[in-house]
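For what it's worth, my numbering labels the leading residue of the sequence shown as 25, then goes sequentially. Ideal Cβ placement from N, Cα and C applies to all residues, glycine included. Remarks on the structure that follows.
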Amino acid sequence: GINPYALGLDMMQDIQRISTKPTAEDRDWFPDMADQGNWREVLLDAWAEHRDESFIRQYLSPALIRKWRFFVLGDAADQPHCLVASIHDERGYAKIRAALANSYDLGANRPDIQVVDVDLLGDRHLRLQHKVNDGILLEDASRDATLRHIRRLWGYEVSLAAMDAETGATIHERSTSQIAG
């Protein structure tokens with residue numbers, strides 16, 4: 025894994041370098057920060073305005089991407105092997121930066137499950153929907169245990185439909201009536 029403290033320190037030192045002695049590449053990527061001179065002000069603003077993921081998305085430079093030799097592996101659920109999707113070159117910088125930032129985004133790493141319907145006047149069936157991103161489904165045992173727990177809290181039938189976030193297609197549906205115990 026990546027040591028976030030080492031990366032953060034490198035990024036702060038890089039901000040100082042870009043603010044005081046930028047390269048042509050730095051001027052292209054960071055026109056508002058390059059040659060500014062007051063690197064402390066840039067850092068204070070960055071600390072005040074950004075969380076980990078937005079700090080990376082805003083300030084990770086191509087120079088650091090090369091120094092750390094970052095790359096992105098494509099891991100599609102329907103493929104038997106991983107594929108190197110982006111490397112530390114001109115075409116890959118933005119993708120690497122986005123992928124690394126997304127890995128620190130807590131919201132992007134949590135399942136998106138929402139109540140979509142409930143029949144309050146009828147059988148009180150509670151319908152939930154899981155928006156599946158990148159083909160990542162909930163683990164079966166955890167999903168079933170969660171459905172059982174929600175049923176205990178709700179007191180009536182609960183179902184969960186997994187929907188592809190991009191297409192809206194139903195991948196599968198599971199209800200508490202299908203779960204033993």
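Within 9 Å, strictly: CB atoms of Glu181 and His149: yes
Own chain partners of Asn126 with C-beta closer than 6 Å, once the 5 adjacent residues on each side are dropped: Ala132
Host beta strand (DSSP E) of Arg151 (start-end): 150-156
Local conformation of Glu197 per DSSP, three classes: strand
Buried or exposed by the 16-neighbour rule on C-beta atoms within 10 Å, applied to Asp188: exposed
Cβ separation of Ile42 and Ala70, assumed to be a contact under 8 Å, to the nearest whole Å: Rounded, the Cβ-Cβ distance is 12 Å, inconsistent with contact.
Option nearest Asp50 by Cα separation, candidates Asp158, Ala87, Ile174: Ala87
Integer Cβ distance of Asp99 from Cys106, believed to fall under 8 Å: 5 Å
Between the CA atoms of Ala118 and Ile80 - distance to the nearest angstrom: 11 Å
Nearest-angstrom beta carbon gap, Ala186 and Val156 [assumed within contact, 8 Å]: 5 Å
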